[in-house]
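Single-structure report; data block below.
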DNA sequence: GCAAAAGTGTTATATGTACACCCATGG
DNA sequence: CCATGGGTGTACATATAACACTTTTGC
């Protein structure tokens, strides 16, 4: 921390990369952009870009998110630092240190392919392979992280529109975890956690065309779940 | 990600900062160094330094850890990325993006004040205030993180020597969380988690001078705790 | 014997799990 | 009237929390 010469070292570039998730047609999707230039021209990559001189990484990530999704109001969206990737060879051009973020979107706004990215597309998570740079790894880390956070935080509501049914909330868990959950137990668990969801007084909505209309809920003020809502098959993780 | 001119932007410096914890005399301690130069000359700070051109942040963190603690074998120690701090004004000299790490040491090796740091000292966590830069914040984040990780990982054994008693392991939890735990229940919980600890066949040790000698255990292969070992007073965190 | 620390046992309560069952709606 | 999805009830297993009690050591 005691070097004054700004150019004493080979400069580092600092970028942000975003793993932006949404749930569409009952499947987890991630936002990818197609690279227009070398390296990795034509390959898909996570959206991202350089941190500007007067920005923090968080500010840069939010700006990129707005640019790539074309959303008007990005201020309320959940953005969270994942980790920083700094392996010397991760970008063939120069030393690039990238701060990765995860973001969760309620529904999939089709408008994208904003400013600089050649093309942007929502891709099913399972099909998002062979990405540019070390983005396969970043994406896998991001998926792992949100899966874990669903267990002990109220993050799942970030995937839902402002008003949602408990069935939709359950689908979030089932989609991210790739499991099925018992509906009665899920319902009780969610309602027993104070501040997780709040009932919308008169609301009800048909979900699948058929069936009983479901009551509507809003996200509550709580941020953490106590006790946690554990994945069913989390036995093998002790070894 | 598409800029080729390495000097197009004002350069970023990339550093690592370390929050190195240990337990000493039943209290949580953190390793601090006294700054010899401006800015913040004479103030205490977290150890850290520049990432070198051919290093990853992890490599740099491990190198700094070895230098600051004077330990021979730093390879087995637990080092974990915390998050990256990138606010534009956090270093008055230039743009410094810092990747923060946490490290846990079994006991407190007194040998320190290694290479570049003016002085290094183990400081009780509660007395580590008014640090240089944004290190108060980093330290608080690190403490919060390790407290949370004790709940659902086997991290606590990293604070212990190779062979330890269950009483010592319990002290780790009590020290980091600032609570007391019921000994019989703690014991059952730990032993019921497969792979958390392994009994050392013939071992026993006197702990407090008096009392029954305690059986010795080693850290097991498990890394996560299922079900988790929750803090007692974690009620208020739902709101 | 007494204090201190380890270790065992027991019980009430809470929580998680696996179901069976009823309700409202569209076709 | 049946398929579909929402919602309720209930019995059982397991986990937690609180606390009494025994064991082994040093003084």
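Residue numbers (the UniProt record's numbering), protein chains in the order written: chain A, 1 to 239; chain B, 1 to 239. Where is the CB? At the ideal position from N, CA and C, for every residue including glycine. Keep in mind it's a predicted model, so treat the numbers as computed, not measured.
With contacts defined as CB atoms closer than 8 Å, residue 138 of chain B and residue 85 of chain B qualify as a contacting pair.
Beta-bridge pairing by DSSP links residue 73 of chain B to no other residue. Taking a contact to require three or more Cβ pairs closer than 8 Å, the region 98 to 107 of chain A and the region 63 to 76 of chain B do not qualify as touching.
Under the three-state reduction of DSSP, residue 179 of chain B is assigned to coil, being neither helix nor strand.
A Cβ-Cβ distance of about 5 Å is found for the pair residue 125 of chain A and residue 30 of chain A, placing them in contact under the 8 Å criterion. Comparing C-alpha distances from residue 216 of chain A to each of A:202, A:148, A:224, A:135 shows the shortest one belongs to A:202.
The Cβ atoms of residue 11 of chain B and residue 54 of chain A do not sit closer than 8 Å to each other. Leaving aside the five residues that flank residue 228 of chain A on each side, the residues in its chain whose CB is nearer than 6 Å to its CB run, in chain order, 151, 152. Here residue 46 of chain A really is in contact with residue 32 of chain A; their C-beta atoms are around 7 Å apart, less than 8 Å. For the region 3 to 90 of chain A, the continuous alpha helix (DSSP H) assignments of 4+ residues that do not extend past its boundaries occur at 57 to 69, in sequence order. Sorting A:190, A:198, A:214 by C-alpha distance to the C-alpha of residue 225 of chain A places A:190 at the top. Classified as exposed, residue 183 of chain A has fewer than 16 neighbouring CB atoms from the shown chains inside 10 Å of its CB.
Here residue 127 of chain A carries a helix assignment [DSSP, helix/strand/coil]. Excluding sequence positions up to five before and after residue 181 of chain A, its CB lies within less than 8 Å of the CB of 170, 173, 174, 232, all in the same chain and listed in chain order. Exclusion of the five residues before and after residue 135 of chain B leaves 45, 46 as the residues of its chain whose Cβ lies within less than 6 Å of its Cβ. Close to chain A, meaning a Cβ-Cβ distance shorter than 9 Å, are the following residues of the region 190 to 215 of chain B: 193, 194, 195, 196.
The criterion of a C-beta distance shorter than 8 Å is not satisfied by residue 77 of chain B and residue 18 of chain B.
Among the residues facing chain B, residue 218 of chain A is not included, as its CB has no counterpart in that chain under 8 Å away. Note on residue 149 of chain B: 16 or more other CB atoms within 10 angstroms of its CB, so buried under the neighbour-count rule. DSSP places residue 157 of chain A within a helical segment (H, G or I) once states are collapsed to three. An exposed status is given to residue 38 of chain A, since fewer than 16 other beta-carbon atoms sit within 10 Å of its beta-carbon. Chain B places no beta carbon closer than 8 Å to that of residue 170 of chain A, leaving this residue out of the contacts.
Residue contact with chain A for residue 232 of chain B: absent (no Cβ-Cβ distance below 8 Å to any residue of chain A). For residue 92 of chain B, not one C-beta of chain A is nearer than 8 Å to its own C-beta. Here DSSP, grouped into helix, strand and coil, assigns residue 167 of chain B to helix. For a Cβ distance threshold of 7 Å, residue set 81 of chain B lies close to residue 83 of chain A, ordered along the chain. For residue 195 of chain A, no beta strand (DSSP E) segment is defined, and its DSSP state is neither H nor E. Residue B:164 holds the alpha-carbon nearest to the alpha-carbon of residue 200 of chain B among B:176, B:194, B:164.
A distance below 8 Å between beta-carbons, with the five flanking residues on each side excluded, links residue 147 of chain B to the following residues of its chain, in chain order: 176, 177, 231. For the region 65 to 77 of chain A, no residue has a beta-carbon sitting nearer than 7 Å to a beta-carbon of chain B. Contact between residue 52 of chain A and residue 42 of chain A fails: their C-beta atoms lie close to 27 Å from each other, not under 8 Å. Going by DSSP, residue 222 of chain B is part of no alpha helix (DSSP H) at all; its letter is neither H nor E. Interface annotation, residue 144 of chain B: not in contact with chain A, CB-CB separation never under 8 Å. A direct Cα-to-Cα measurement between residue 162 of chain B and residue 49 of chain B gives close to 30 Å. For residue 157 of chain A, the closest C-alpha among the options A:196, A:94, A:60 is that of A:196. Taking the Cα positions, residue 93 of chain B is about 22 Å away from residue 95 of chain A.
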